[in-house]
């Protein structure tokens with residue numbers, strides 16, 4: 001769709017890439033590697049992978065994005081910060 005209307009694609013972000021339980025085990029509920037494959041197919045960079053996380057949902061519902069948390073203390077906040085940093089590199093503000 002973006003190509004048809006000439007919208008440049010900076011990259012791809014894989015959302016809900018995995019779920020990590022309290023014990024630290026990752027579960028790839030929707031399969032593993034789909035973001036990498038799709039980015040390769042589209043010939044764009046994979047900007048990041050965001051895990052499925054209850055705190056993200058709860059924060060969104062409450063109007064408090066998880067990305068506002070300390071990235072050193074929260075893995076999901078760190079993932080959002082990494083994606084934001086990659087977007088800043090891909091599309092620097094003039």
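In the working numbering, the protein residues as written are 1 to 94. Even for Gly, the Cβ is constructed at its ideal location relative to N, Cα and C.
Reducing DSSP to helix, strand and coil, say where residue i ends up.
i	result
residue 67	helix
Closest by CA to residue i, which one among the options?
i	options	result
residue 34	91, 50, 22, 7	50
residue 137	4, 48, 10	Outside the modelled stretch of the chain, which goes from 1 to 94, sits residue 137, for which no answer is possible.
residue 19	85, 76, 90	76
According to DSSP, which residues form a beta bridge with residue i?
i	result
residue 38	Answer by DSSP bridge pairing: none, since residue 38 is not bridged.
residue 49	14
residue 27	19
In whole angstroms, give me the CA-to-CA distance for residue i and residue j.
i	j	result
residue 79	residue 15	11 Å
residue 31	residue 46	16 Å
residue 13	residue 28	16 Å
residue 60	residue 53	11 Å
residue 44	residue 88	15 Å
residue 5	residue 38	20 Å
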